[in-house]
Amino acid sequence: MKNPYEVLGIRKGASKEEVKRAYKNLAKKYHPDRYLDNPLSHLAEEKFKEINEAYETIMKEFENTHYSNYSDYNQNDFSKVREYINRGDFNTARNILSSMNVRNSEWYYLMGITFMRLGFYNQGYDFIKKAHFMEPNNFEYKTTYENIVNRQRAYSSKTYEYNRESDMCDICVKLYCADCCCECLGGDLISCC
Numbered sequence: 002m003k004n005p006y007e008v009l010g011i012r013k014g015a016s017k018e019e020v021k022r023a024y025k026n027l028a029k030k031y032h033p034d035r036y037l038d039n040p041l042s043h044l045a046e047e048k049f050k051e052i053n054e055a056y057e058t059i060m061k062e063f064e065n066t067h068y069s070n071y072s073d074y075n076q077n078d079f080s081k082v083r084e085y086i087n088r089g090d091f092n093t094a095r096n097i098l099s100s101m102n103v104r105n106s107e108w109y110y111l112m113g114i115t116f117m118r119l120g121f122y123n124q125g126y127d128f129i130k131k132a133h134f135m136e137p138n139n140f141e142y143k144t145t146y147e148n149i150v151n152r153q154r155a156y157s158s159k160t161y162e163y164n165r166e167s168d169m170c171d172i173c174v175k176l177y178c179a180d181c182c183c184e185c186l187g188g189d190l191i192s193c194c
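Each residue of the sequence shown is one higher than the last, beginning at 2 in my numbering.
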């Protein structure tokens, strides 16, 4: 394939707008519909394909450059957020995360950790859960998520156990003890005993 910048007639390093403008002008000029009953239609068709390929190649370069700059920028921010979390400065970590535009799995994970450490457990759990489901093979997210789920299970099962211990006999014994205490102080909780 020819140099895509030469095909579009622009210099290397041209802006995205310049690339789009050059592409539109050439696409109009060599569009196959303009050459339907023309003996040069096959040449126009080839030129049109070449223009499209050149445009796609250059636009992919823009996307790849933008993505790598974007991800490097965010990695630096995520590193800073982790430092603030490790120092215990959770409000600063949360402020940095709130100002970021990206909402990838690491963002959700760090926001979840920050909220958990600030005492907002439900919101923190929701963020960590989302990070885990966005990237289920990430060991850090998976471990944190499973630890939270296991703690919740342990807590809820203990609550259930406490409720199971209260039966009729247990209630009667507690009432009898309360009545005895009241009688010692001059009162009477249950008059028949």
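The beta-carbon is built from N, C-alpha and C at its ideal position, and this holds for glycine as well.
Item                                                                                                                                 : Value
Start and end residues, alpha helix (DSSP H) containing Arg-95                                                                       : 91-100
Residues near Ala-45 by beta carbon distance below 8 angstroms, same chain, minus five either side                                   : Tyr-31, His-32, Pro-33, Arg-35, Tyr-36, Asn-39
Contact under 8 angstroms by Cβ, Phe-91 with Gly-113                                                                                 : no
Rounded separation between Glu-7 and Glu-18 - CA only                                                                                : 16 angstroms
Cβ contact check for the stretch 92-103 and the stretch 115-135: 3 or more pairs under 8 angstroms                                   : yes
Rounded straight-line distance, which links the Cα of Met-60 to that of Asn-87                                                       : 40 angstroms
Ile-52 beta carbon less than 8 angstroms from that of Ala-28                                                                         : yes
Inter-residue Cα distance where the pair is Phe-121 and Pro-5                                                                        : 53 angstroms
Chain-order list of residues whose beta-carbon lies under 7 angstroms from that of Asp-78 (same chain, five-residue window excluded) : Ile-97, Met-101
Three CB pairs or more closer than 8 angstroms across the stretch 180-187 and the stretch 128-148                                    : no
Whole-angstrom distance between Lys-131 and Asn-26, CA atom to CA atom                                                               : 45 angstroms
Cα-Cα separation between Ser-99 and Arg-152, rounded to whole angstroms                                                              : 28 angstroms
Three-state class that DSSP yields for Ile-11 in the structure shown                                                                 : coil
Check whether Tyr-110 and Tyr-142 have beta carbons under 8 angstroms apart                                                          : yes
Terminal residues of the alpha helix (DSSP H) in which His-133 lies                                                                  : 122-135
Collapsed DSSP secondary structure at Ile-191 in the structure displayed                                                             : coil
8 angstroms Cβ cutoff met for Tyr-85 and Leu-9                                                                                       : no
Asp-38 (DSSP reduced to helix, strand or coil)                                                                                       : coil
Candidates Gly-14, Trp-108, Arg-104, of which the one nearest Ser-80 by Cα                                                           : Trp-108
Ile-185 versus Cys-193: straight-line alpha-carbon distance, rounded                                                                 : One point to set straight first is that residue 185 is Cys, not Ile, in the sequence displayed. So the two alpha carbons sit approximately 16 angstroms from each other.
As assigned by DSSP and simplified to three states, the class of Leu-176                                                             : helix
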